[in-house]
Structure formats: structure tokens, C-alpha cells
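Take a look at the structure set out below.
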Amino acid sequence: MTSKRWQARYLGPDGRMYAARTEDDRPLTFLTKGDARAWLNKTHGAIAAGTWEPPAAAVERRALEAEQAARRDITFEQFADQWLETIKAEPGKGGRRRKPGTVLAYKGRIHNYLVGPLGDLKVREIDTDVVRRLAASIVAMPSQLRPEANHNGVAGDAIDTLKLVLRAAVREGLLDRMPDVATPQRKSVRHDQAHTPEDDVATPVQVDELYEAAPPRWRIGVLLAAWCQLRRGEVLGLQRRDIVWNEKRSAATLYVWRQKNGTTGELTDPKSDKGVRSMAVPPLMIKRLAAHLDTHVGEEPTSPVIPRTERGRTHVPATVWNDMWVNVRSKVAGLPAGYRFHDLRHTGLTRFAQEGATLAELMRRGGHGDIKIVLRYQKATMDRDVDLASRMSRTVAAELKRAKVRAAAE
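Okay, structure coming up:
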């Protein structure tokens with residue numbers, strides 16, 4: 012040959028002629044005839060031993076083995092990042108895709124609490140002892156919201172997210188078994204132990220004061236949260252077409268079709284299927300709602316009910332709304348420290364329960380899918396319970412008294 016190098020060819024057991032090739036399936040030549048002969052002898056030995064395989068098949072096998080070896084050695088950070096990409100597309104519970112805000116929440120927990128201690132650790136090395144030590148360290152972290160609190164409010168969510176990642180690793184064969192670790196108890200850090208849910212129920216006067224303290228083009232959001240029991244995202248996602256009036260404009264029905272995601276800023280479907288709902292607008296806010304639409308909202312059907320600018324087409328971002336709310340709540344006396352905009356929804360649902368709403372009615376009004384959440388509103392109606400018990404007692408006592416009078420007369 013012009014290259015002055017030797018080539019080697021051989022007949023494979025499959026009856027095909029093969030030329031010498033490297034392990035990565037490239038043409039192989041030799042400097043001397045002896046080198047070529049030695050390589051052929053080795054190849055013939057493999058054929059005789061039954062261990063020979065076609066060069067292309069050998070390359071494919073070695074690539075697969077290398078990939079499997081790399082998977083066995085994948086670190087927690089690498090796998091967690093892959094998992095985050097996977098769950099963006101694959102369906103979650105109920106077959107629905109996870110919302111972008113949910114994925115971002117998982118990402119925050121992974122990178123804020125898990126990657127630091129586990130990032131460089133191989134997934135196959137994560138066991139019960141590792142996770143228990145991690146859980147204990149996260150539980151011991153001070154609260155950023157209330158440093159004086161004896162818990163931080165993040166440990167439960169962080170460990171649950173870790174479990175989601177590790178379950179995926181088990182399904183993919185990267186981890187032999189799930190670590191046996193309980194999820195740390197979830198406790199709110201917003202208040203001390205003396206705080207009760209009833210403390211978050213604003214009075215009608217306080218709701219009106221909050222309404223008056225808010226900027227004119229945004230203040231209707233206070234009433235929508237309190238008396239229509241909407242979530243913040245639902246308030247910020249409302250459009251003119253979602254409010255349907257009767258002929259005299261003396262009554263209206265409000266439809267919840269979407270919400271504004273506080274993390275991504277996108278208009279998305281409500282939190283769950285139950286979040287899509289309709290409700291009667293309470294008469295006490297009808298005139299204010301009509302005046303708001305006439306004064307502050309654009310004429311287009313898709314104009315936001317809470318516009319960023321006067322009669323604008325852009326929905327208010329959650330960050331802008333939150334800054335406004337902090338300023339507004341500081342102007343109203345008697346509210347608990349850190350009173351949230353979401354507490355207005357809690358106020359409205361509690362009052363709805365006090366009027367005698369059933370669990371089904373509360374779930375429909377609030378767009379809840381979990382009855383456990385709604386039960387707290389019925390637990391917050393002890394005043395009504397006491398009143399009903401007293402009225403029942405008086406009625407029963409009166410009947411007993413009449414029965415005794417009749418019996419004595421006989």
C-alpha cells in the first residue's frame with residue numbers, strides 16, 4: 012500500500028469478510044506484518060472461543076455499557092436537574108401537566124436546600140441515614156420570616172420534594188430502595204402559638220377601610236377577595252368578559268376561568284378543575300363593581316378588571332400588587348401583623364360558613380378540591396354553633412314545659 016502500513020482481513024463466523032477496526036469502529040492498520048498477524052491471531056482466538064462479535068455490535072455494546080456506568084455514577088444534582096426537565100412535560104396527578112409555578116417551586120427547594128448537602132453525592136449512595144441527617148439539619152435551620160420562631164416552615168416541603176426525586180431514581184433503577192424517612196411536621200411561621208384562624212378574619216369595617224386605602228383602580232380587588240372569596244391570582248386574572256350582568260345591571264354573575272401566575276406572570280388555568288366556577292356577586296358590592304368597570308376598566312372584553320394602568324390592557328404583576336398591599340394594610344388598625352391579602356378570602360369564606368353554607372357550597376364557592384381545607388371554615392363558626400345550640404335548647408325546654416303542663420292538666 013502507498014501508506015506503507017499493513018492491513019488485516021478475516022472471515023467472520025457469519026460468513027462475511029471483515030477488515031481490522033479499532034474499538035470505536037475506525038479502520039485499523041499496522042506498522043509491521045507481525046503486528047497484523049498478531050491481531051489476526053487474537054481475533055481468530057475470539058472466534059474459536061465464541062466471544063467474537065461484529066465490530067459495529069461491539070461498538071454499540073461498549074457505548075451502552077459506558078452510558079450505564081455513567082448513569083450509575085450520576086450525582087444528585089445532575090439527576091435532580093434532569094428530573095426537573097422531565098416533569099415539565101410529563102403529566103402529574105390526575106393526568107394534568109404541572110403548572111410552571113409548581114416546577115419553579117420544586118426547583119427552588121432543590122437548589123436552596125438539597126443541592127448544597129447532596130449535590131456531589133452519587134444517587135446510588137443516598138440512603139436512610141443520609142436523608143435523616145439532612146432532614147434534621149433542615150429542621151434546625153432558623154426561619155427567615157421569623158428568626159425567633161422554633162421552626163422554619165420549609166423543612167416539610169424540602170423533604171417531600173427530595174422524596175419525589177428519589178422515587179424517580181428508584182423507578183429508573185438508580186437507587187435500590189426508598190429511604191425510610193418521615194416528612195417533618197409542617198407548621199406555620201407567620202404567627203406564634205397563641206394565634207388562631209379566627210384572628211385572620213377581618214371585620215366588615217376593616218374590609219371597607221382596606222378598600223378605601225387602596226389606589227382607586229385597584230381597590231375593587233379587596234372586595235373581590237373578601238366577598239367573592241377569590242384567590243390573589245384569580246383577582247389579578249379577571250377580565251371584563253368574566254362579569255355578566257342582568258338587564259337592569261342590578262345583579263351580576265362572576266366567572267373564574269383563569270388566574271395570573273404569581274411566579275411566571277402568565278395567565279394560566281385555575282389551580283385545579285374545581286377552580287373553574289361561577290358565583291353570584293354579593294349585592295353589597297354591586298354598585299362599587301359597576302362604577303369600577305365604568306371608570307377604570309377598558310371596553311374590550313379581555314380588558315383586565317385590575318389594570319396596571321388606568322383602563323390599560325396589562326394585568327397587574329403580583330410583585331406590584333404585593334408592594335401595594337403592604338402599604339395598604341399598614342393603614343388599617345386592628346389587623347394581625349403581616350396580614351395577607353389571601354386572608355381576605357379566608358374572611359369571606361368564614362362569613363359564608365357562618366351564614367349556614369354546607370361543605371359542598373363552601374367548596375364550590377371557594378373552588379376547593381380538598382374537603383380537609385374547607386372543614387376549617389366550619390370549625391371557625393363556633394359563635395353560630397353556640398347560638399344554634401342555645402336556640403335548640405330553648406325550643407326543647409319549651410316543648411318539655413308544655414308537655415308537663417298537659418300532663419298535669421290530665
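In the working numbering, the protein residues as written are 12 to 421.
Positions of the beta carbon are idealized from the N, C-alpha and C atoms, including for glycine.
Cβ contact annotation for V327 (same chain, cutoff 6 Å, sequence separation greater than five): L247, I317, R319, in chain order. Sequence-distant partners of A57 (beyond 5 residues in either direction) whose C-beta falls short of 8 Å from its own C-beta, in its chain, are W63. Straight-line measurement puts the Cα of T86 at about 5 Å from the Cα of L132.
Here T33 has L39 as same chain residues with Cβ atoms under 7 Å from its own Cβ, once five neighbours each way along the sequence are excluded. In the DSSP assignment, T264 falls within the beta strand (DSSP E) that extends over 263 to 267. Under DSSP, Y21 takes part in a beta bridge, and its partners are Y29. Here A291 is bridged, per DSSP, to T264. When the five nearest sequence neighbours on each side are left out, the beta carbons in the same chain lying within less than 8 Å of the beta carbon of T358 are those of D211, V212, A213, V218, A237, in order along the chain. Closest in alpha carbon position to P293, among R135, M28, L235, G244, is L235.
If you check the CB distance, I170 and L145 come in under 9 Å. In this structure the region 96 to 107 does not touch the region 250 to 260; the number of beta carbon pairs closer than 8 Å is below three. Between L186 and the set V192, A193, L177, T194, the nearest pair of CA atoms involves L177. For the set N163, D284, R228, A67, the Cα lying nearest the Cα of R37 is the one of A67. H326 carries a strand assignment under DSSP once its states are collapsed to helix, strand and coil.
As the crow flies, the alpha-carbon of R197 is around 6 Å from that of G167.
The secondary-structure analysis by DSSP pairs V255 across a beta bridge with T264. Here A91 has I121, L125, V126, V176 as same chain residues with Cβ atoms under 8 Å from its own Cβ, once five neighbours each way along the sequence are excluded. Shown here for R356: same chain residues with a beta carbon closer than 7 Å to its own, the five before and five after excluded, namely A236, Q240, L241, R242 in chain order. When C-alpha distances from P195 are compared across R299, H162, P227, M374, the shortest belongs to H162. Pairing R269 with H379, the inter-Cα distance amounts to about 15 Å. If you draw a 10 Å sphere on the C-beta of S404, you find fewer than 16 other C-beta atoms in it, and that means exposed. Annotation for H162: no alpha helix (DSSP H) segment contains it, and DSSP assigns it neither H nor E. Nearest Cα to T313 within the set G323, D305, G232: G323. Counting every other CB atom within 10 Å of its CB across the protein chains shown gives I231 a total of 16 or more, marking it as buried. The beta carbon of A180 sits closer than 7 Å to those of F90, V134, L186, all from its chain and outside the five residues before and after it, given in chain order. If you ignore the 5 residues before and after A47, its C-beta comes within less than 6 Å of the C-beta of W17, A19, F41, all in its own chain and listed in chain order. Per DSSP, K15 is not a residue of any alpha helix (DSSP H), being assigned neither H nor E. Exclusion of the five residues before and after P24 leaves I58, W63 as the residues of its chain whose Cβ lies within less than 7 Å of its Cβ. Taking the Cβ atoms as the reference, I149 lies roughly 14 Å from P190, outside the contact range of under 8 Å.
Per the coordinates, the alpha-carbon of E277 lies some 59 Å from the alpha-carbon of A31. Distance from the CA of V165 to the CA of E258, rounded to the nearest whole angstrom, comes to 50 Å. Under the three-state reduction of DSSP, F41 is assigned to strand. Residue environment analysis places A291 among the exposed positions, since fewer than 16 neighbouring C-beta atoms fall within 10 angstroms of its C-beta.
The three-state reading of DSSP puts R108 in strand, counting E and B together. Runs of the alpha helix (DSSP H) lying entirely within the region 303 to 370, each at least 4 residues long, are 329 to 340, 353 to 365 in chain order.
Scanning G349, L249, Y350 for the CA closest to the CA of T325 turns up L249.
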